[in-house]
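Asks:
There are 2 protein chains.
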Amino acid sequence: MSDSLRISRKFSQRSVMEAIVQGGPISRASIAKQTGLSKQTISEIVRALEVEGWVKETGRTSGHVGRTAVTYELVYDAAYIVAVDLGGTKVRVAITDLACQIFAEDTEPTDPRGGQYIVDQIVKLAFQAASRQRIARKKIRLAVVGVPGAPDAQTGRVLLAPNIAGFDKMDVVAAFERAFGFDAMLENDVNLAVLGENWLGQGQGIDNLAYVALGTGVGSGLMVGGQLVRGAINAAGELGFLPLGADPFEAESLRTGAFERAVASHGMADRYAALSGRVISVPAIFENAQNGDEAALAVLDETARYLVRGIGAIAAIANPEKVILGGSIGLRPEILERVKAFLPQCFPYPVNVETGELGSRAAIIGAAAIGLGQLHNTLFGVDAPDGRISLPRASMTALQEAVR
Amino acid sequence: MSDSLRISRKFSQRSVMEAIVQGGPISRASIAKQTGLSKQTISEIVRALEVEGWVKETGRTSGHVGRTAVTYELVYDAAYIVAVDLGGTKVRVAITDLACQIFAEDTEPTDPRGGQYIVDQIVKLAFQAASRQRIARKKIRLAVVGVPGAPDAQTGRVLLAPNIAGFDKMDVVAAFERAFGFDAMLENDVNLAVLGENWLGQGQGIDNLAYVALGTGVGSGLMVGGQLVRGAINAAGELGFLPLGADPFEAESLRTGAFERAVASHGMADRYAALSGRVISVPAIFENAQNGDEAALAVLDETARYLVRGIGAIAAIANPEKVILGGSIGLRPEILERVKAFLPQCFPYPVNVETGELGSRAAIIGAAAIGLGQLHNTLFGVDAPDGRISLPRASMTALQEAVR
DNA sequence: CTTTAATTCGTTCTGTTACCGAACTTATTA
DNA sequence: TAATAAGTTCGGTAACAGAACGAATTAAAG
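Quick note, the sequences are listed as chains A and B, same order. All you need for this note's numbering is the position in the first sequence, starting with 1, plus 93. All you need for this note's numbering is the position in the second sequence, starting with 1, plus 93.
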């Protein structure tokens with residue numbers, strides 16, 4: 094019996110595709126070197142992929158010794174996916190091709206009537222964008238929708254989502270699939286944000302990564318060993334309920350969450366009002382702080398001090414390599430500098446904290462990432478237990494340009 | 094191109110082994126049904142395994158229509174592993190065969206000189222147990238050592254282990270491998286405890302599981318998607334540093350950990366002393382509480398209230414399906430009943446909390462589990478990304494009997 | 001500037017491994 | 001004797017490997 098591992102055609106096909114996706118235009122000989130498969134096998138697989146329309150010849154190499162090689166590339170427009178970031182106030186919809194390039198990206202206020210209205214709004218936006226870019230609907234294979242809550246895989250509902258009306262009472266996945274006419278996936282928005290930063294932002298190449306989104310509410314996304322942590326009922330990362338900050342045994346903490354009360358925008362505004370006697374918005378607090386307002390500065394310090402404890406809790410439990418801050422408050426540099434100053438005062442070993450590079454677009458980029466991964470897997474992958482495919486890192490620039 | 098997935102021989106061999114390990118004495122026809130492979134293939138693989146000495150014929154079926162079937166079983170003594178639970182005060186060493194039966198199990202006080210002395214002590218204990226059971230050293234393939242700290246895979250050292258002298262300055266893995274003469278693995282003891290409870294205890298079949306060990310110190314182990322969470326530097330589960338309980342910004346909290354100060358045995362004793370003016374041990378506090386001592390009861394309440402906040406933090410961040418309590422304090426029913434009473438007061442959705450079934454032996458059983466999994470993988474598995482093998486559940490009784 | 005050597009690309013051809021499936025034999029019970 | 005289940009034999013086939021070889025290109029030698 095030979096010790097070498099023989100793998101099925103499909104399995105190899107997948108690694109060949111990976112090499113082509115990542116290696117840009119690449120010759121068959123190079124693929125053979127990269128994958129360790131024989132030249133003959135690569136030729137067979139590439140031929141099959143070409144016939145099926147997934148890759149195509151794009152040129153030849155030159156300038157080096159030896160025979161020129163024919164190079165192959167992805168047929169980028171062979172399939173598309175829809176990426177959606179659904180928030181309480183705004184919906185963002187984007188369309189991505191196989192090269193991971195984001196084509197259209199549209200934002201609209203979320204339909205306040207909720208439920209089916211939101212589904213219809215998103216589908217309308219997606220199809221509008223598709224026809225604007227002259228993309229055939231048949232080529233769209235998958236939609237990934239980020240939602241502020243915990244999607245339930247069994248029922249298709251979204252739990253713990255107070256900001257989206259009706260999603261807790263309907264099969265949202267089924268509704269999307271009906272309206273779209275193709276597969277749809279739901280995912281928590283902060284989970285998508287980690288994936289986004291892991292793919293193209295601050296967290297590239299980091300397998301153990303946490304994302305803390307701080308704005309109107311708080312949430313966290315956690316990646317362990319390159320995989321998302323979703324929890325038993327998809328409620329992992331419901332950081333608002335961390336028993337920190339406000340007294341967790343008060344009734345109000347049971348509703349809103351002790352940590353959320355202390356650290357999110359409401360808590361900041363309340364704290365400012367208590368200190369100064371004036372009721373102003375969170376952006377105004379940041380502005381006042383820049384002008385030296387003592388109360389505003391105290392509020393920022395206090396907020397950061399609470400946030401640091403939340404980050405410490407994540408670090409103590411999951412020990413991520415990096416913690417990325419996001420959300421309208423978490424993205425502010427004033428918060429980051431304070432967090433970096435306070436964290437070593439209450440946590441023994443260093444924790445790497447940075448703000449997200451992708452800003453408010455982290456979630457939609459994460460949706461694209463998860464969708465593309467899923468698509469690559471269903472098209473070229475085996476039903477392997479670890480169905481990860483590594484997406485290329487290159488397209489960030491293309492992506493930024495495409496979205497003016 | 095066929096759509097069916099063909100997998101290498103080795104891959105199938107692995108699932109055949111799994112069927113034999115779990116299915117006890119089993120016929121080739123049954124294996125074929127279970128695995129979906131053809132009878133012919135099963136015959137080939139079983140023949141190969143028999144030649145290599147991993148399985149053997151053990152009997153025949155009877156009493157049903159049709160031809161009798163030859164049944165096969167594991168050759169249980171084809172290989173052994175050493176499982177070790179190294180604590181600050183006690184070392185526990187056990188030897189397990191391929192059937193997951195724990196043979197010998199010895200406990201000794203930990204050599205206080207630390208470092209190489211402990212390594213030698215463990216190796217001596219293991220080889221003593223082996224020769225007592227007449228196990229050939231050559232058949233021992235692997236040692237798994239649970240340590241109270243964070244093993245560093247790169248350097249082989251153990252970090253954050255104040256109770257084991259010298260392990261932070263030497264390559265412990267290399268030292269064990271030199272002394273044993275076979276492979277050795279280090280793992281955090283609480284991580285092993287989760288694995289143990291997941292295998293044979295409270296957490297059977299639960300993929301998202303947390304274990305909180307509360308005794309002299311606090312620690313937690315977390316499983317997500319059936320995999321251990323180890324963190325970037327193996328410091329996941331250093332629950333003592335949770336910024337809860339004592340003021341995390343005090344200097345002492347930075348050393349000992351804010352949560353550990355509040356909830357572990359020192360904190361309990363201090364609290365009792367503050368309330369009653371008397372200095373007594375933690376077991377004595379529990380005893381007094383049973384006799385109605387007000388101060389002792391208050392200390393238990395307070396400890397549980399802190400513990401509940403720690404559990405809430407784990408639930409908010411990772412959302413496990415179940416949280417198992419362990420450690421000398423965590424195993425006490427007085428703590429569990431209080432935790433169950435207090436948790437709903439500060440956490441919005443239900444968290445399933447139970448005490449560990451395996452008691453203080455959770456870690457060593459976890460070590461056996463991880464070792465057997467590893468062994469099955471190296472012997473029969475592919476180098477698949479997800480190298481889990483499901484171990485049989487049956488041997489718990491055998492295990493309990495074996496250890497009087 | 002030609003010739004030759006070195007180098008790389010890609011194909012053809014010939015295995016080998018790890019499977020499947022049908023047909024057939026064997027053994028057992030009802 | 002019929003029904004049924006276990007196990008083998010035989011003949012495929014997909015998915016690879018590997019060696020040999022031709023084809024194309026550049027660098028170096030003459």
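Built from N, CA and C at the ideal position, the CB exists for glycine as well.
1. For A/Q467, decide whether its Cβ has a neighbour in chain B, counting only Cβ atoms nearer than 8 angstroms.
2. Taking only the alpha-carbon atoms, compute the straight-line gap between B/L285 and A/K132 and give it to the nearest angstrom.
3. Report the three-state DSSP secondary structure of B/T203 (helix, strand or coil).
4. Taking 8 angstroms as the threshold (C-beta atoms), are A/G423 and A/A455 in contact?
5. Contact check, A/P413 vs A/L315 under 8 angstroms by CB: the rounded distance?
6. Taking Cβ-Cβ distances below 7 angstroms as the criterion, which residues of the stretch 386-407 of chain B are in contact with chain A?
7. Under 8 angstroms between C-beta atoms, does B/R486 make it to chain A?
8. Let me confirm a value: A/A223 is counted as buried when at least 16 other C-beta atoms fall within 10 Å, else exposed. Which label applies?
9. Residues of chain A with a CB under 9 angstroms from the CB of B/E331: which are they?
10. Nearest-angstrom Cα distance between B/E427 and B/I135?
11. Could you check the C-alpha separation between A/D476 and A/L279 for me, to the nearest Å?
12. With burial defined as no fewer than 16 other Cβ atoms inside 10 Å of the residue's Cβ, what is the status of A/H49: buried or exposed?
13. If you drop the 5 nearest sequence neighbours on each side, which residues of the same chain put their C-beta closer than 7 angstroms to that of B/A339?
14. What does the Cβ neighbour count give for A/G146, buried or exposed, with the cut at 16 atoms within 10 Å?
15. If we count Cβ pairs, one from each stretch, closer than 8 angstroms, do we get three or more for the stretch 244-260 of chain A versus the stretch 282-300 of chain A?
16. Where in the stretch 391-444 of chain B do unbroken runs of the beta strand (DSSP E), each at least 3 residues long, occur, reported from the N-terminal end onward?
17. Apart from the five residues on each side of it in sequence, which residues of its chain come closer than 6 angstroms, Cβ to Cβ, to A/T448?
18. Beta-carbon within less than 6 angstroms of B/T200's beta-carbon, same chain only, minus the 5 sequence neighbours each way: which residues are those?
19. I'd like the ranges of any alpha helix (DSSP H) spanning at least 4 consecutive residues and lying wholly in the stretch 278-362 of chain B.
20. Can you find a C-beta in chain A that's less than 8 angstroms from the C-beta of B/V322?
21. Tell me whether A/E111 is buried or exposed, calling it buried when 16 or more other Cβ atoms sit within 10 Å of its Cβ.
22. So that I know if they touch, is there some Cβ in chain B lying closer than 8 angstroms to that of A/N301?
23. Rounded to whole angstroms, how far is the Cβ of A/F435 from the Cβ of A/V401, which I believe are closer than 8 angstroms?
24. Compare the C-beta of A/A346 against all C-beta atoms of chain B and say whether one is closer than 8 angstroms.
25. Assuming A/I299 and A/K415 make a contact with CB atoms under 8 angstroms, what is their CB distance in whole Å?
26. For B/T164, which option in B/S358, B/A171, B/D170 and B/V139 has the closest C-alpha, if you only look at C-alpha atoms?
27. Quick check on A/F334 - is its C-beta less than 8 angstroms from some C-beta in chain B?
28. With DSSP as the reference, label A/F104 as helix, strand or coil.
29. When the cut-off is 8 angstroms and only beta carbons count, does B/G242 lie next to chain A?
30. With C-beta atoms as the reference, is A/G405 less than 8 angstroms away from A/V237?
31. With distance defined between alpha-carbon atoms, name the residue in B/R225, B/V158, B/A268 and B/G318 nearest to B/G207.
32. Using a C-beta cutoff of 8 angstroms, does A/V317 count as contacting chain B?
33. Count the other C-beta atoms from every protein chain shown that fall within 10 angstroms of the C-beta of B/V109, then say buried if there are 16 or more, exposed otherwise.
34. Following the continuous alpha helix (DSSP H) through B/G464, name the residue where it begins and the one where it ends.
35. I'd like to know whether the C-beta of B/A366 is nearer than 8 angstroms to at least one C-beta of chain A.
36. Can you tell me whether DSSP reads B/F196 as helix, strand or coil?
Replies: In this structure, then:
1. Reading the first sequence from its first residue, position 374 is the one you call residue 467 of chain A. No, its Cβ sits nowhere closer than 8 angstroms to a Cβ of chain B.
2. Counting from one through the second sequence, the residue named residue 285 of chain B turns up at place 192. Counting from one through the first sequence, the residue named residue 132 of chain A turns up at place 39. Taking the straight line from one Cα to the other gives about 45 angstroms.
3. Residue mapping note: residue 203 of chain B aligns to position 110 of the second sequence, counting from 1. If DSSP states are grouped into helix, strand and coil, B/T203 belongs with coil.
4. The residue you call residue 455 of chain A lines up with position 362 of the first sequence. The residue you call residue 423 of chain A lines up with position 330 of the first sequence. Their beta carbons are not under 8 angstroms apart, which means A/A455 does not touch A/G423 by this criterion.
5. Residue mapping note: residue 413 of chain A aligns to position 320 of the first sequence, counting from 1. Residue mapping note: residue 315 of chain A aligns to position 222 of the first sequence, counting from 1. Indeed they touch by this definition, with Cβ atoms about 7 angstroms apart.
6. R402, G405, A406 and I407
7. In the second sequence, residue 486 of chain B corresponds to position 393, counting from 1. Residue placement at B/R486 is flagged as unreliable, the pLDDT there being 49, under the threshold of 50; the coordinate-derived value follows with that caveat. So, not an interface residue.
8. As a first step, residue 223 of chain A is located in the first sequence; it is residue number 130 there, counting from the start. By the neighbour-count rule (16 or more Cβ atoms within 10 Å), A/A223 is buried.
9. Within the second sequence, numbered from 1, the residue matching residue 331 of chain B stands at position 238. Those are A408, A409, I410, N412, P441 and Y442, listed as they occur along chain A.
10. Locating residue 427 of chain B in the second sequence gives position 334, where the first residue counts as 1. Locating residue 135 of chain B in the second sequence gives position 42, where the first residue counts as 1. Taking the straight line from one Cα to the other gives about 53 angstroms.
11. Translated into the one-based positions of the first sequence, residue 476 of chain A becomes position 383. Translated into the one-based positions of the first sequence, residue 279 of chain A becomes position 186. No answer about A/D476 holds up, because its pLDDT of 47 lies below 50 and its placement is not dependable.
12. No information on residue 49 of chain A is available, as it lies outside the stretch 94 to 497 that chain A covers here.
13. Here residue 339 of chain B refers to the residue found at position 246 of the second sequence. Contacts found: S346, A351, R354 and A355.
14. The count along the first sequence starts at 1 and reaches residue 146 of chain A at position 53. The residue is exposed, with fewer than 16 neighbouring Cβ atoms inside 10 Å.
15. no
16. 415-419
17. In the first sequence, counting from the first residue as 1, residue 448 of chain A sits at position 355. These residues qualify, in order along the chain: L418, L424 and L429.
18. Sequence index remark: in the second sequence, residue 200 of chain B carries index 107 (1-based). Cβ within range, chain order: K183 and R185.
19. 282-293, 344-349 and 351-356
20. The count along the second sequence starts at 1 and reaches residue 322 of chain B at position 229. So, interface residue.
21. By one-based count along the first sequence, residue 111 of chain A stands at place 18. Classification for A/E111: buried.
22. Here residue 301 of chain A is taken as the residue at index 208 of the first sequence, counted from 1. Judged by the 8 angstroms Cβ criterion, A/N301 is in contact with chain B.
23. Translated into the one-based positions of the first sequence, residue 435 of chain A becomes position 342. Translated into the one-based positions of the first sequence, residue 401 of chain A becomes position 308. Right, their Cβ atoms sit about 4 angstroms apart.
24. One-based indexing of the first sequence puts residue 346 of chain A at position 253. Checking the sequence shown, residue 346 of chain A turns out to be Ser, not Ala. By this cut-off, A/S346 is an interface position.
25. Locating residue 299 of chain A in the first sequence gives position 206, where the first residue counts as 1. Locating residue 415 of chain A in the first sequence gives position 322, where the first residue counts as 1. Contact holds; Cβ gap of about 5 angstroms.
26. On the second sequence, residue 164 of chain B is found 71 positions in, with the first residue counted as 1. Minimum Cα distance to B/T164 is reached at B/V139.
27. Stepping through the first sequence from its first residue, residue 334 of chain A is reached at position 241. So yes, A/F334 belongs to the interface.
28. For the purposes of this step, residue 104 of chain A is taken as the residue at position 11 of the first sequence. DSSP places A/F104 in helix when its eight states are reduced to three.
29. What you label residue 242 of chain B is simply residue 149 of the second sequence in a count that begins at 1. B/G242 does not count as touching chain A.
30. Along the first sequence, read from residue 1 onward, the residue named residue 405 of chain A stands at position 312. Along the first sequence, read from residue 1 onward, the residue named residue 237 of chain A stands at position 144. No. Outside cutoff.
31. As a first step, residue 207 of chain B must be located in the second sequence, where it is residue number 114. Checked all of B/R225, B/V158, B/A268 and B/G318; the closest Cα to B/G207 is B/A268.
32. What you label residue 317 of chain A is simply residue 224 of the first sequence in a count that begins at 1. At least one chain B Cβ lies under 8 angstroms of A/V317.
33. Position 16 of the second sequence holds residue 109 of chain B. Answer is buried; the Cβ neighbour count reaches 16.
34. As a working mapping, residue 464 of chain B is identified with position 371 in the second sequence. It spans A455 to F473 - the alpha helix (DSSP H) in which B/G464 sits, taken as one unbroken run.
35. As a position in the second sequence, residue 366 of chain B is number 273, starting the count at 1. So, not an interface residue.
36. Sequence index remark: in the second sequence, residue 196 of chain B carries index 103 (1-based). It is a strand residue.
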